[in-house]
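Structure first, commentary second.
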Amino acid sequence: MDGIALELAVFLLATFAGAFVAGLSGFAFGLVAASLWLYVLTPLQSASLIIGFGLLVQGYSVWKLRAALDWRRLWPFVIGAVIGVPAGVTLLTSADPRNVRIAVGIILIAYSLYALFRPQLKLAAAVPPAAEAAVGFFNGVLGGLTGLAGIIVTIWCNLRGLPKDVQRATFQPVAVVVFAMAALWLGVKGSLTVETARLFVLGLPFLFAGTWLGLKLFGRIDEAVFRKIVLALLFVSGVALLF
């Protein structure tokens, strides 16, 4: 296998693996895929593909879970995210991305370890929309800064002890909004190239196959296993941001 074929094989394998994890857990596509992509792609290509593929993965998953969607619950998160993404992108020009990644990584590691070894916490059943909008805002800021489109809302849902279908029907639509706004921003900036578009098309079958398989497995796991998978991926996300 020559160098070009090997690089393409790595790209397609990473695309499938990222889509499978995202189909199973509802997030972490970019974390898994980029861990291998960055060996064969430029950072800009990787970021562009994370956004493009992430939008499709999350959109497909949201469609599959559409029966669980509750727009009365979602709108504060969405409005907060819409405001937060431009703020996060703006901060990229003034904040040190390395310091941001380290701070967020430490928070994710600390929370995931605490939640894994402590009893599950539940917040009050009635939460003011303003509080959820604030969660959406900080989720959007973090998405604009790091590309982690649904991490803050994921933690919020986990803290509240929501059923797994309700969790995914909450943080995945928010992630779709974040990815869509980031894609629009990349398009306006003229960051998309013909080579990136070619890779996008080649990766589509592997993306949908991985997402389909992950969603099939998601339907067979119980609430406790789902919670542990989410917390483990939050921990891995934190470690990845640190190193």
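Under my numbering, residues 1178 to 1420 are what the sequence shown spells out, in order. Note that beta-carbon positions come from the ideal geometry of N, C-alpha and C, so glycine has one too.
Residue range of the alpha helix (DSSP H) that Thr1192 falls in? Residue mapping note: residue 1192 aligns to position 15 of the sequence shown, counting from 1. Per DSSP, Thr1192 belongs to the alpha helix (DSSP H) from 1180 to 1202.
Compute the beta-carbon to beta-carbon distance between Arg1251 and Pro1350, rounded to the nearest angstrom, for a pair I have assumed lies under 8 angstroms. On the sequence shown, position 74 is the one that residue 1251 refers to. On the sequence shown, position 173 is the one that residue 1350 refers to. In the sequence as displayed, the identity of residue 1251 is Leu instead of Arg. About 6 angstroms separates the two Cβ atoms, so the contact holds.
Taking C-alpha atoms, which residue in Ala1292, Gly1380, Leu1361 lies nearest to Leu1196? Residue 1196 sits at position 19 when you count from the first residue of the sequence shown. The residue you asked about is not Leu; residue 1196 is Ala in the sequence shown. Comparing alpha carbon positions, the residue from Ala1292, Gly1380, Leu1361 closest to Ala1196 is Gly1380.
Where does Asp1342 sit, in a helix, a strand or coil, going by DSSP? As a position in the sequence shown, residue 1342 is number 165, starting the count at 1. It is helical.
Spatially closest choice to Phe1254 from Pro1382, Lys1393, Gly1282, Ala1307, by CA coordinates: Your numbering for residue 1254 matches position 77 in the sequence shown. Of the listed residues, the one whose Cα sits closest to Phe1254 is Ala1307.
For Gly1257, which residues from the same chain have a beta carbon less than 8 angstroms from its beta carbon, with the 5 sequence-adjacent residues on both sides left out? Here the question's residue 1257 lines up with position 80 in the sequence shown. Cβ neighbours of Gly1257 beyond the five flanking positions: Glu1309, Ala1310, Ala1311, Val1312, Gly1313, Phe1314, Phe1315, Asn1316, Gly1317.
CB of Ala1205 within 8 angstroms of CB of Ala1199, strictly: Counted from its first residue, the sequence shown places residue 1205 at position 28. Counted from its first residue, the sequence shown places residue 1199 at position 22. Between Ala1205 and Ala1199, the CB-CB gap stays under 8 angstroms.
Might you give, ordered along the chain, the residues of its own chain that have their beta carbon closer than 8 angstroms to the beta carbon of Phe1193, omitting 5 neighbours on each side? For the purposes of this step, residue 1193 is identified with residue 16 of the sequence shown, where counting begins at 1. Here the set comprises Phe1383, Leu1384, Ala1386, Gly1387.
Looking at C-alpha atoms only, which residue of Trp1333, Ile1328, Asn1335, Val1378 is the closest neighbour of Phe1356? Within the sequence shown, numbered from 1, the residue matching residue 1356 stands at position 179. Checking every option, the nearest Cα to that of Phe1356 belongs to Ile1328.
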